[in-house]
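Just remember that this note's numbering sits 48 ahead of the position in the sequence shown, which is counted from 1.
As structure tokens, the structure follows; a few thoughts come after it.
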Amino acid sequence: MSLELTWLGHSGFLLHAGDVTVAIDPFLTGNPKAPFGPERVRCHAIVVTHGHGDHLGDTVAIARVNGATVFGSWELCNYLDAQGVTKTEAGNAGGRIVTPWGWVAFTPAVHSSSHEGRYLGSPLGAVVHLGGSTVYHCGDTALFSDLKLMGELYRPDVALIPAGDRFTMGPELATRAAEWIGATVSIPMHYDTWPPIAVEITRFAPSGTRVLLPRAGERFSPLD
Ligand code: NI
Ligand code: MN
């Protein structure tokens, strides 16, 4: 069961292993880089790092159509429960949730989290283990030194690292993050979606990890 990924543009990814698909931060409606609309997403689970619209995205609609379980912070899951999402798994930073197909662990992220003025808990990163591989989606975050600890604790095969500057790390700080996390493969995200986060992504140039720059919508095997 080798791991495959599909980048949805911005911070959205589909993780595929065998017949299981996990979506992370599925923001398609209103995403100028989205390769397709939310109606094309088929998934068993959705992991949401925080409440901002460019991460929560189409979660409610996708969860409803797919009967998918949504993983997120306690406050985010309470909000989704009120939106009619029937299956939620709430957690918080430092904790792990074991699932039928693997596990989800939440990590700290240095950022904020709200939706339409409502506080939605701490912003989080998420480590997702499926198909024998481990993917660390950093969420939206500043550089902070515990990213190194997350690398040591979870030994991710793939790290998804925000690099668009202004709201998160830019390429240079994301480079440091990638070196600290030390995944086999590092993929920058959250850049070039709109002009305020347009960056020269070649400035993301960590050593000791392989950088991949996927095209949105392409399904690929990062570890092959
Ligand atoms: Ni955000
Ligand atoms: Mn964001």
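Don't be surprised by glycine CBs; every beta carbon is placed ideally from N, CA and C.
C-alpha distance - residue 121 paired with residue 72, whole-angstrom precision | Roughly 14 Å separates the two Cα atoms.
Assuming residue 110 contacts residue 96 under a Cβ cut-off of 8 Å, what Cβ separation, rounded to an integer in Å, is found between them?
-> With a Cβ gap of about 11 Å, residue 110 and residue 96 do not count as contacting.
Euclidean distance between Cα positions of residue 132 and residue 253 = Approximately 43 Å between the Cα atoms of the pair.
Indicate the three-state DSSP secondary structure (helix, strand or coil) for residue 54 in the structure shown.
-> Strand at residue 54.
Residue 58: which of 240, 271, 244 and 255 sits nearest, CA to CA?
-> Its Cα nearest to that of residue 58, the residue 240 stands out among 240, 271, 244 and 255.
With distances taken Cα to Cα, identify the nearest neighbour of residue 171 among 134, 139, 265 and 183.
-> Nearest C-alpha to residue 171: 139.
N-terminal and C-terminal residue of the alpha helix (DSSP H) that residue 229 is part of = Counting along the chain, the alpha helix (DSSP H) containing residue 229 begins and ends at 219-229.
Is the beta carbon of residue 100 within less than 6 Å of some heavy atom of the ligand NI?
-> Indeed, a heavy atom of the ligand NI lies less than 6 Å from the Cβ.
CA nearest to the CA of residue 228, picked from 216, 218, 247 and 191 | Residue 228 has its Cα closest to that of 191, out of 216, 218, 247 and 191.
Residue 173 - partner residues in DSSP beta bridges | 155.
What's the C-alpha gap between residue 158 and residue 141?
-> Distance between the alpha carbons of residue 158 and residue 141 is about 11 Å.
Where does residue 123 land, buried or exposed, given buried means 16+ other C-beta within 10 angstroms?
-> That one is buried.
Cβ atoms of residue 270 and residue 249: under 7 Å apart, would you say?
-> Against a cut-off of 7 Å, the Cβ pair of residue 270 and residue 249 comes out as no contact.
Segments assigned beta strand (DSSP E), at least 3 residues, entirely inside the region 73-112 | Whole beta strand (DSSP E) segments, 3+ residues: 93-95.
CB residue 147 to CB residue 173, shorter than 7 Å?
-> The answer is no: Cβ separation not under 7 Å.
Starting from residue 199, follow the beta strand (DSSP E) in both directions and report where the run begins and ends.
-> First-last for residue 199: 194-202, but that is the alpha helix (DSSP H), not the beta strand (DSSP E).
Straight-line Cα distance separating residue 102 from residue 79 = Distance between the alpha carbons of residue 79 and residue 102 is about 8 Å.
Nearest candidate by alpha-carbon position, reference residue 185, set 266, 168 and 203 = The shortest C-alpha to C-alpha distance from residue 185 to any of 266, 168 and 203 is the one to 203.
Just the C-alpha distance for residue 112 and residue 259, rounded to the nearest angstrom, thanks.
-> Going from the Cα of residue 112 to the Cα of residue 259 covers about 35 Å.
At a cut-off of 6 Å, is residue 240 close to the ligand MN when judged by its beta-carbon and the heavy atoms of the ligand?
-> Set against 6 Å, the gap from the CB of residue 240 to the closest heavy atom of the ligand MN is not smaller.
Using a threshold of 6 Å, is the CB atom of residue 188 nearer than that to any non-hydrogen atom of the ligand NI?
-> Yes.
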